[in-house]
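Participant:
Shown next, in the form of structure tokens:
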């Protein structure tokens, strides 16, 4: 696991030039977790506030990620990549139980970037992209695994990295990750397909895994609640 204490300062490394094709830098498998997006989209796909039983298991996800990098010992390969996993989170003024959550993540081997959320539009997307850029200068990004369904901010930069030779994997919910599913450059994995990611199957119906006889997809919002909000937006 990398020491990420040097991730915050502006990188001093020079961009890769003709004499540096990246092979002189250590290889790295990097995991980026967009906590606000995954939490929001989880609520959307199950139509309810997530509980402890319906939240993803970061220990199992860490094991899956490291296995993809050659396992705990790198399968003994001299060229096994370094591994780094980072969770990016917005922290409200009253964090409540988030302190325990952050400490649990650190105990699992994740670095956590925490930014105060004082305004509704405060976000951490640029912080994630900046960290990917920092690691792209200090290391040769062999594999980048991004847990986010946010195509607006990630589609273009992730596809650019894929064109440069990085294996880019997007892990999210298929209901909200059209940007990755439809891309010829990005690999997509539904988060529920990561082994052990959830204690129990989520209460959802996936369009990519429908039963032969079809399935009902119940509303995620009351019809009356929706119409009330719709009417209010139209000025009553």
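In the working numbering, the protein residues as written are 3 to 238. Glycine included, each C-beta is placed from N, C-alpha and C at the ideal position. Please read these numbers as outputs of a predicted model, since none were measured by experiment.
1. Could you give the C-beta distance for residue 48 and residue 236, rounded to a whole number, given that I count them as a contact under 8 Å?
2. Does DSSP classify residue 36 as helix, strand or coil?
3. Would you tell me roughly how many angstroms separate the C-alpha atoms of residue 156 and residue 234, rounded to the nearest one?
4. Helix, strand or coil for residue 144? Go by DSSP, reduced to three states.
5. Taking only runs that begin and end inside the region 101-153, name each unbroken alpha helix (DSSP H) of 4 or more residues, in chain order.
6. Could you have a look at residue 160 and say whether DSSP puts it in helix, strand or coil?
7. In the DSSP assignment, find the alpha helix (DSSP H) that holds residue 61 and state where it starts and stops.
8. With three or more C-beta pairs closer than 8 Å as the rule, is the region 167-175 touching the region 186-205?
9. Determine the burial state of residue 212: buried for a count of at least 16 other Cβ atoms within 10 Å of its Cβ, exposed for fewer.
10. Taking its Cβ as the centre, do 16 or more other Cβ atoms sit within 10 Å of residue 36, making it buried, or is it exposed?
11. In the DSSP assignment, what residue or residues form a beta bridge with residue 172?
12. If you draw a straight line from the C-alpha of residue 183 to the C-alpha of residue 60, how long is it?
Facilitator: This is what the structure holds:
1. Position 46 of the chain shown, counting from 1, holds the residue named residue 48. Position 234 of the chain shown, counting from 1, holds the residue named residue 236. Residue 48 to residue 236, Cβ: 29 Å. No contact.
2. For the purposes of this step, residue 36 is identified with residue 34 of the chain shown, where counting begins at 1. Looking at residue 36 - three-state DSSP - the assignment turns out to be strand.
3. For the purposes of this step, residue 156 is taken as residue 154 along the chain shown, with counting starting at 1. For the purposes of this step, residue 234 is taken as residue 232 along the chain shown, with counting starting at 1. The straight-line gap from Cα to Cα measures roughly 33 Å.
4. Residue mapping note: residue 144 aligns to position 142 of the chain shown, counting from 1. Strand, per DSSP.
5. 127-140
6. In the chain shown, counting from the first residue as 1, residue 160 sits at position 158. Looking at residue 160 - three-state DSSP - the assignment turns out to be helix.
7. In the chain shown, counting from the first residue as 1, residue 61 sits at position 59. Looking at the DSSP string, the run of the alpha helix (DSSP H) that includes residue 61 is 60-70.
8. yes
9. One-based indexing of the chain shown puts residue 212 at position 210. Exposed.
10. Position 34 of the chain shown, counted from the start, is the residue given in the question as residue 36. With 16 or more other Cβ atoms within 10 Å, it is buried.
11. Working through the chain shown from its first residue, we reach residue 172 at position 170. Answer is 148 and 190.
12. Sequence index remark: in the chain shown, residue 183 carries index 181 (1-based). Sequence index remark: in the chain shown, residue 60 carries index 58 (1-based). One C-alpha to the other measures close to 23 Å.
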